[in-house]
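What follows is a single structure, written as structure tokens, with notes after it.
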Amino acid sequence: MTAAPLLSIIIPVHNQWPLTRQCLHSLRAATHGNFFEVIVVDNASQDATLEACSPLGHELFVERFAVLRQDMNLGFGPACNLAAHTARGELLFFLNNDTVPRLGWFEPLRRALTTQPRLGAAGPLLLYPDGDKNQHRVQHLGVAFCPQKNVSHLYELFPATHPLVRPDRSVQALSAAALLLRRSQFLALGGFYPGYMNGFEDLELCARIREQGLGLRCVPESEIIHHTSQTPGRFDHDQANARLFQERCETLIIPDLHHHLLHDGLELRLTPWLLPHAAMSDEDTERLSPLSKAPLDSLLNLLKPHPLWSAGYEAAGQILQKHGDWPQALELRLHQATLCPSLAAYTHLLRAALKCGQKQLAAETQSKITVINRILADPHTLRRKAAHLANQARMAEDNYLERLYREACPPNH
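Take any residue in the sequence shown, count from 1 to its spot, add 3: that is its number in the numbering used here.
As structure tokens, then:
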């Protein structure tokens, strides 16, 4: 038997052979040396995975490749747990099959994990793929939690080159789409909790790691392209998963999105319907205000270092629409609605989607507008919700959030 490898890379799959093939080829090209093994858990695939995966894997990785074929779809967590028990590596790296590792992805993660004894897991910067409307932008830089403990992917859709994206960052949770940790620790924690259905099991694992007094870091020097949620039905169980996560881990989660933002010179704001979002400081908004009359190219260039500049999106969007460039206007309005949410931004997005024939996006946006208007039509409920959240923040001794929600209470009429 060959010597035990340093690293075991575990890839659960269910159909989607073209993605798995691309993942294996890119993994081989981006990972030099023979210090690792690759274990694919085939969750009862019915496509070409059955015949093609093993030959390709052995061609690329020789004896350091194995397929664990299952007669039924175990789901993500149980499949990873199964592979972890057969893995021989000191380190485990869980990897989705819809990923493309970039050259040099491993060493920054390994260095973080092995040089920081109190670090429980490390994850890379996940980026949207080329050809996607969000290409060269952040998909995952670690998880932060909003005031109501909802999940927020920190700085999602920021340009990958933005200064706030590049430093290593301590976070409460990381995505298991690409996650490195010690095998002994993973097994000691019991692996992924099997009660989840393809979602939130990574959040619980990270919460349990932190419960042991260990930290988590996103290491952006390591980059992986993620085609994101290619498995059919990926989000079908999100509500049930979220409820289970709240039941099991509520006391382990602390709202921290505002701490990240304040540390980085930004602020947490609330929409009129109490949706929390990142925002520029008033000082930066005022400083950029005269530049909103700049030409289109200048506006687009300014939005790269200032992706939360609402007035910049508005000015650039108006120019694009005036010129009839609806495809580019649609891309810009998508970013505006996500990063600077407002009813006006959603209305602009709806118009651009209709102009571009994007019927599904238009329907989703119209539905969101309808829900928002329904919420705004009931100010009494909004006041009660804001007051409740302010009281929760007071009990948690979080003065910033308490003040934020006190100020958000719609006035009585």
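Cβ atoms here follow ideal geometry from the backbone N, Cα and C, with glycine treated the same way.
- Around the beta carbon of Thr52, 16 or more other beta carbons sit within 10 angstroms, so the residue counts as buried.
- DSSP places Gln249 within a helical segment (H, G or I) once states are collapsed to three.
- Per DSSP, reduced to three states, the secondary structure at Ser178 is coil, with no helix or strand assignment.
- Cα atoms of Leu305 and Val154: separation of roughly 29 angstroms, rounded to the nearest angstrom.
- Secondary structure note for Ser11: its beta strand (DSSP E) is the uninterrupted segment Leu10 to Val16.
- For Ala87, the enclosing alpha helix (DSSP H) begins and ends at Phe79 to Thr89.
- Taking 8 angstroms as the upper bound for CB-CB distance, Phe203 and Asn137 are not in contact here, some 23 angstroms apart.
- Straight across, the Cα-Cα distance linking His261 with Glu270 is about 7 angstroms.
- Sixteen is the threshold: since fewer than 16 other Cβ atoms of the shown chains lie within 10 Å of the Cβ of Val65, the residue is exposed.
- In this structure, Lys388 sits near Leu277, with a CB-CB distance shorter than 8 angstroms.
- For the region 162 to 218, the continuous beta strand (DSSP E) assignments of 3+ residues that do not extend past its boundaries occur at 181 to 185, in sequence order.
- With 16 or more other Cβ atoms from the protein chains shown falling within 10 Å of its own Cβ, Asn18 counts as buried.
- Residues of the same chain with a CB within less than 7 angstroms of the CB of His263, apart from the 5 flanking positions on each side, are Ala147 and Leu157 in chain order.
- The three-state reading of DSSP puts Asp74 in coil, since its state is none of H, G, I, E or B.
- When the Cα atoms are used, His61 and Leu27 turn out to be separated by approximately 11 angstroms.
- In the structure shown, the three-state DSSP call for Asn99 is coil.
- Rounded to the nearest whole angstrom, the C-alpha separation of Ser225 and His383 is 48 angstroms.
- Collapsing the DSSP output to three states places Leu337 in a helix.
- For Val141, the uninterrupted beta strand (DSSP E) segment begins and ends at Val141 to His143.
- Rounded to whole angstroms, the gap between the alpha carbons of Ile375 and Asp267 is 29 angstroms.
- Partner residues in the beta bridge of Asn46, as assigned by DSSP, are Gln73.
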